[in-house]
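Residue numbers (our numbering): 14 to 166.
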């Protein structure tokens, strides 16, 4: 009888110890840098997947961008860029607008011609009368939301 109680006590201690170890392991995994990175990546992919801005073609994205700038809506215009560039471009476009250079930018944008095409990227360039490149723009395919977004201006 004493042996049974002793074995039961030892078994209980082992079970409690194992439970504590599993709980500690769970907390470590939950707070691990790898888990945090995976969660951050899932959030980024979700944001790209749910991004409603962009055109079905690169030309449509370019036109939507131009139309937003014609209205003076730099916030909307910035949304046609990939997500990680939107804030930077919003600031840059606001600065262009404040300096009164929006019309000049629009003239250049409307003169862009497609110069290089691949399945995932299209390059547009606008040159002046002396053939000096004024604007180079890359519009790329966003696999997540199936729209074309501006990568670079």
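Ideal placement from N, C-alpha and C gives every residue a C-beta, glycine not left out.
Give the single residue among the options whose Cα lies nearest to the Cα of residue i.
i	options	result
residue 127	113, 153 and 54	153
residue 144	45, 124 and 161	124
residue 63	165, 157 and 161	157
residue 102	68, 146 and 150	150
residue 84	112, 55 and 116	116
residue 139	87, 155, 122 and 113	122
residue 146	166, 132 and 133	166
residue 164	99, 46, 50 and 70	99
So, residue i versus residue j, is the Cβ gap smaller than 9 Å?
i	j	result
residue 66	residue 159	no
residue 118	residue 96	no
residue 135	residue 129	yes
residue 75	residue 137	yes
Given this structure, state the Cα-to-Cα distance separating residue i from residue j, to the nearest angstrom.
i	j	result
residue 55	residue 48	11 Å
residue 87	residue 58	25 Å
Would you check if the segment 80-95 and the segment 107-117 touch, i.e. whether three or more CB-CB distances between them fall below 8 Å?
-> A contact exists between the segment 107-117 and the segment 80-95.
Return the chain-ordered ranges of every beta strand (DSSP E) run that is complete within the segment 123-166 and spans a minimum of 3 residues.
-> You should have 126-130, 134-140, 146-155 and 160-165.
Hey, which unbroken runs of the alpha helix (DSSP H) at 4 residues or more fall wholly within the segment 67-107?
-> Restricting attention to alpha helix (DSSP H) runs no shorter than 4 residues, the segment 67-107 encloses them at 71-83 and 87-91, ordered along the chain.
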